[in-house]
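**Student:** Mapping of the sequence shown onto this note's numbering: residues 11 to 379, in sequence order. Every residue, glycine too, gets a C-beta built ideally from N, C-alpha and C. Everything numeric in this text was worked out from a predicted model, so none of it was measured.
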Amino acid sequence: MTATPEVQPGSTLGIVGGGQLGRMIALAAANYGLKVHVFAPDDDSPAFDVCAMRTVAAYDDVEALTRFAAGVDVVTYEFENIPAAAAEALAAKAPLRPNAGALATTQDRLAEKTFINDLGIETAPFRIVDTPDDLVRALDAIGRPAILKTRRFGYDGKGQRMIRAEGDVDAAAILAEFDGAPCILEGFVPFEAEISVVAARGPDGAFAAYEPCANEHRDHILAVTRVPAPGIAPQTEAAAIGMARRIAEALDYVGVLAVEMFLVPQGDGPARVVVNEIAPRVHNSGHWTIEGAITSQFAQHVRAVCGWPLGDPARVGGMAVEMHNLIGDEVSDWAGLLAQSSAHLHLYGKGEARPGRKMGHVTRLLPKT
Ligand code: AMP
């Protein structure tokens, strides 16, 4: 690096969003001597426990956003559903990393899939669905099974409905469940595994990817991440990382991003990679990197958004890594997990262990078999 970066140890990093991702970014930033100011709407946000300054205000409070951004040296975010007007207000006062264009592209499944296809990267086949007639036509074109998804604000399987191969389809009734929200219909991808590539890009174009990890979901929520991804062919791994790099470059991305992918078996050959979605932020499938990689995804994100050299994403010393989310009352076993010598326990400081709520995670480094 030639020029002195504009952000130095002692500078202030602004984080929009106060959940566990913001909390873990803040912890990594503190390790580098940065001060952290968190902006979040709930006054019991997990990230507030570990930051120097907080603003409690709504994401559409432009005045509060402007004041917040004016007081920090660089702004990042931990979730992608930031309104466009908020992104604009932030970017007017401080460098917003990743940029507002990355948010706009990834907030809308139609814009996202179109962008990915325009790069020559495969996604599930899809059609726009705004009306019952659209749905009937889309099902004719794509076939069943298929998945209807809202274009915006979906996460952990929310805003999705599977349309099975058998039985009648009442298009009007199905769409009524979505309250008139704009949707897309996606063809069902017959995948053998789900993986993600977590990677970072700096303002100077430097790029560093973690090796792909395999993700297992339960009830649409990530349950387990394994690294290395079992059985992944070297060609598939290289293709997946290459896609993440093209996506990051085309978005002129700065920070950590995650690209979720399906692996589709292809006879005896290496699996085909189909991109599902892009998360313009640190990601649950990257939590294994805290103990499992030389540089954690959170440290890497801080380095990238500050314009600092990226760290080494390599997995530590020949160990396989498994990350298990602690969802709902699974967290009640925290003392038992502490008693296991191989378990690295992370608790997010959330009060009530509601079903489906991510309360913490545990990472184990295992001798590679
Ligand atoms: P999403 O909210 O798009 O990440 O979807 C949540 C989960 O639903 C994915 O991780 C997959 O397990 C499943 N899923 C979503 N879209 C598809 C698809 N087109 N084909 C097969 N499974 C899918």
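#1: Following a CB-centred definition, is residue 199 positioned closer than 8 Å to any heavy atom of ligand 3?
#2: Here's the rule I'm using: 16 or more other beta-carbon atoms within 10 Å means buried, otherwise exposed. How should residue 207 be labelled?
#3: If distances are taken between C-alpha atoms only, which option among 140, 162, 164, 136 comes closest to residue 155?
#4: Can you tell me whether residue 90 is helix, strand or coil according to DSSP?
#5: By Cβ distance below 6 Å, which residues in the same chain neighbour residue 332 in space, the five residues on each side in sequence not counted?
#6: Check each candidate in 40, 360, 72, 217 and name the one with the smallest Cα separation from residue 60.
#7: Whose C-alpha, out of 96, 340, 286, 43, is nearest the C-alpha of residue 198?
#8: Under 8 Å from any heavy atom of ligand 1, does the C-beta of residue 202 make it?
#9: Spatial neighbours of residue 78 within its chain, please: C-beta separation below 7 Å, excluding the five flanking residues on both sides.
#10: Could you give the distance in angstroms between the alpha-carbon of residue 44 and the alpha-carbon of residue 276?
#11: Is residue 123 near ligand 1, going by C-beta to nearest heavy atom under 8 Å?
#12: For residue 355 and residue 378, I'd like the C-alpha separation in whole angstroms.
#13: If you compare alpha carbons, which of 164, 307, 213, 97 is closest to residue 32?
#14: Strictly by DSSP, which residues pair up with residue 208?
#15: According to the neighbour-count rule (16 or more other Cβ atoms, all chains shown, within 10 Å of its Cβ), is residue 203 buried or exposed?
#16: Nearest by alpha-carbon distance to residue 158: which of 138, 143, 176 is it?
#17: Cβ atoms of residue 280 and residue 243: under 9 Å apart, would you say?
#18: Of the residues 341, 75, 27, which one's Cα is nearest the Cα of residue 54?
#19: In its own chain, which residues sit with a C-beta less than 6 Å from the C-beta of residue 105, not counting the 5 before and 5 after it?
#20: Sort 245, 117, 293, 219 by Cα distance to residue 259 and report the nearest one.
#21: Where residue 290 and residue 363 are concerned, what is the direct C-alpha to C-alpha distance, given to the nearest angstrom?
#22: Give the list of continuous beta strand (DSSP E) stretches no shorter than 3 residues that lie fully inside the stretch 104 to 150.
#23: For residue 68, tell me which candidate among 82, 80, 95 has the shortest Cα-Cα distance.
#24: Measuring straight from C-alpha to C-alpha, what distance separates residue 264 and residue 144?
#25: Between residue 329 and residue 359, is the Cβ-Cβ spacing less than 9 Å?
#26: Comparing alpha-carbon positions, which option in 75, 339, 212 lies nearest residue 266?
#27: Rounded to the nearest angstrom, what separates residue 343 and residue 22 at their Cα positions?
#28: For residue 305, which three-state DSSP category applies?
#29: Over the uninterrupted beta strand (DSSP E) stretch that includes residue 173, give me the two end residues.
#30: Starting from residue 337, follow the alpha helix (DSSP H) in both directions and report where the run begins and ends.
#31: Since I believe residue 97 is in contact with residue 113 (beta carbons under 8 Å), could you give me their beta-carbon distance rounded to a whole number of angstroms?
#32: Any idea what DSSP makes of residue 49, helix, strand or coil?
#33: Which same chain residues end up closer than 8 Å to residue 140 when comparing Cβ atoms and leaving out the 5 residues on each side of it in sequence?
#34: Quick check for students: name the residue ranges of the beta strand (DSSP E) that lie wholly in the stretch 231 to 256, counting only runs of 3 or more.
#35: Sorry if obvious, but does the Cβ on residue 230 come closer than 8 Å to a heavy atom of ligand 1?
**Tutor:** Straight from the coordinates:
#1: The model on display carries ligand 1 but not ligand 3.
#2: As a first step, residue 207 must be located in the sequence shown, where it is residue number 197. Buried, by the Cβ-count rule.
#3: Your numbering for residue 155 matches position 145 in the sequence shown. Relative to the Cα of residue 155, the nearest Cα in the group 140, 162, 164, 136 belongs to 136.
#4: For this step, residue 90 is matched to residue 80 along the sequence shown. Residue state, collapsed to three classes: coil.
#5: Translated into positions along the sequence shown, residue 332 becomes position 322. These residues qualify, in order along the chain: 236, 374.
#6: Within the sequence shown, residue 60 is the residue found at index 50, counting from 1. Restricting attention to 40, 360, 72, 217, the CA atom closest to the CA of residue 60 is found in 40.
#7: In the sequence shown, residue 198 corresponds to position 188, counting from 1. Ranked by Cα distance from residue 198, the first of 96, 340, 286, 43 is 286.
#8: Looking up residue 202 in the sequence shown gives position 192. Flag unset: Cβ of residue 202 not near ligand 1.
#9: If you number the sequence shown from 1, residue 78 lands on position 68. Excluding residues within five positions, the ones whose Cβ falls inside 7 Å are 24, 47, 49, 65.
#10: Against the sequence shown, residue 44 aligns to sequence position 34. Against the sequence shown, residue 276 aligns to sequence position 266. About 48 Å.
#11: Working through the sequence shown from its first residue, we reach residue 123 at position 113. Relative to ligand 1, even the nearest heavy atom lies 8 Å or more away from the CB of residue 123.
#12: Along the sequence shown, one-based indexing puts residue 355 at 345. Along the sequence shown, one-based indexing puts residue 378 at 368. If you take the alpha carbons of residue 355 and residue 378, they lie about 21 Å apart.
#13: Translated into positions along the sequence shown, residue 32 becomes position 22. Among 164, 307, 213, 97, the Cα nearest to that of residue 32 is on 307.
#14: Taking the first residue of the sequence shown as 1, we reach residue 208 at position 198. Per DSSP, 268.
#15: As a working note, residue 203 is residue 193 in the sequence shown. Buried: at least 16 other Cβ atoms inside 10 Å.
#16: Locating residue 158 in the sequence shown gives position 148, counting from the first residue. For residue 158, the nearest C-alpha among the options comes from 138.
#17: The count along the sequence shown starts at 1 and reaches residue 243 at position 233. The count along the sequence shown starts at 1 and reaches residue 280 at position 270. Annotated as proximal: residue 243 and residue 280, with beta-carbon spacing under 9 Å.
#18: To locate residue 54, count along the sequence shown from 1; it is residue 44. Here the closest residue by C-alpha is 27.
#19: If you number the sequence shown from 1, residue 105 lands on position 95. Correct list, in chain order: 84.
#20: Here residue 259 corresponds to residue number 249 of the sequence shown, with the count starting at 1. It is 219 whose Cα lies nearest to the Cα of residue 259.
#21: The residue given as residue 290 occupies position 280 in the sequence shown. The residue given as residue 363 occupies position 353 in the sequence shown. Going from the Cα of residue 290 to the Cα of residue 363 covers about 27 Å.
#22: Runs found: 136 to 139.
#23: Counting from 1 along the sequence shown, the entry for residue 68 is found at position 58. Relative to the Cα of residue 68, the nearest Cα in the group 82, 80, 95 belongs to 95.
#24: Stepping through the sequence shown from its first residue, residue 264 is reached at position 254. Stepping through the sequence shown from its first residue, residue 144 is reached at position 134. Our two residues, residue 264 and residue 144, have alpha carbons roughly 37 Å apart in a direct line.
#25: Position 319 of the sequence shown holds residue 329. Position 349 of the sequence shown holds residue 359. Not closer than 9 Å, so no.
#26: By 1-based counting over the sequence shown, the position of residue 266 is 256. Checking every option, the nearest Cα to that of residue 266 belongs to 212.
#27: The residue labelled residue 343 in the question sits at position 333 within the sequence shown. The residue labelled residue 22 in the question sits at position 12 within the sequence shown. Rounded to the nearest angstrom, the two C-alpha atoms are 36 Å apart.
#28: Here residue 305 refers to the residue found at position 295 when the sequence shown is read from its first residue. Looking at residue 305 - three-state DSSP - the assignment turns out to be coil, as it is neither helix nor strand.
#29: Locating residue 173 in the sequence shown gives position 163, counting from the first residue. Where residue 173 is concerned, the enclosing beta strand (DSSP E) stretches over 170 to 173.
#30: As a first step, residue 337 is located in the sequence shown; it is residue number 327 there, counting from the start. That residue, residue 337, is in no alpha helix (DSSP H); its beta strand (DSSP E) goes 329 to 337.
#31: Numbered from 1 along the sequence shown, position 103 holds the residue referred to as residue 113. Numbered from 1 along the sequence shown, position 87 holds the residue referred to as residue 97. With a Cβ gap of about 5 Å, residue 113 and residue 97 count as contacting.
#32: Residue 49 sits at position 39 when you count from the first residue of the sequence shown. Of the three classes helix, strand and coil, the one that applies to residue 49 here is strand, per DSSP.
#33: On the sequence shown, position 130 is the one that residue 140 refers to. Its chain contains 192, 193 as the residues whose beta carbon lies nearer than 8 Å to that of residue 140, once the 5 sequence neighbours on both sides are disregarded; these appear in chain order.
#34: Restricting attention to beta strand (DSSP E) runs no shorter than 3 residues, the stretch 231 to 256 encloses them at 231 to 237, ordered along the chain.
#35: Here the question's residue 230 lines up with position 220 in the sequence shown. It does: the Cβ of residue 230 is within 8 Å (strictly closer) of some heavy atom of ligand 1.
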